[in-house]
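Asks: One structure, pasted below without further comment.
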Amino acid sequence: MIAEIFLIVLAIAVMILFMPVAIGVGIKILAPEWYLANRRNIILTLGVIIAVLLIGILVIFFGMAI
Numbered sequence: 001m002i003a004e005i006f007l008i009v010l011a012i013a014v015m016i017l018f019m020p021v022a023i024g025v026g027i028k029i030l031a032p033e034w035y036l037a038n039r040r041n042i043i044l045t046l047g048v049i050i051a052v053l054l055i056g057i058l059v060i061f062f063g064m065a066i
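This is the structure we're talking about:
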């Protein structure tokens with residue numbers, strides 16, 4: 001039981017940590033000049049995206065638990 005919960009939490013953490021890295025690298029490869037000009041906005045946007053994803057995952061996870 002504890003091992004399954006640990007694996008679920010680990011999978012969620014890995015997904016949340018690596019998603020903005022993948023998005024940032026993709027943007028940097030596709031549009032480097034735009035990326036450099038708007039770096040602060042991109043970082044803030046990725047932070048909002050991560051927060052929304054985390055909230056969504058928690059709602060689904062705890063909704064299924066109830």
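Read left to right, the sequence shown gives residues 1 to 66 (the UniProt record's numbering).
Glycine included, C-beta positions come from ideal geometry on N, C-alpha and C.
1) When you compare the stretch 35-50 with the stretch 2-12, are there three or more beta-carbon pairs, one atom per stretch, that lie closer than 8 Å?
2) Using a Cβ-Cβ cutoff of less than 8 Å, which residues in the same chain neighbour I8 once the five nearest sequence positions on both sides are dropped?
3) Run through DSSP, which three-state label would A37 get?
4) Flag this pair as yes or no: are the beta carbons of I16 and L46 separated by less than 7 Å?
Replies: By the coordinates alone:
1) no
2) F61
3) helix
4) no
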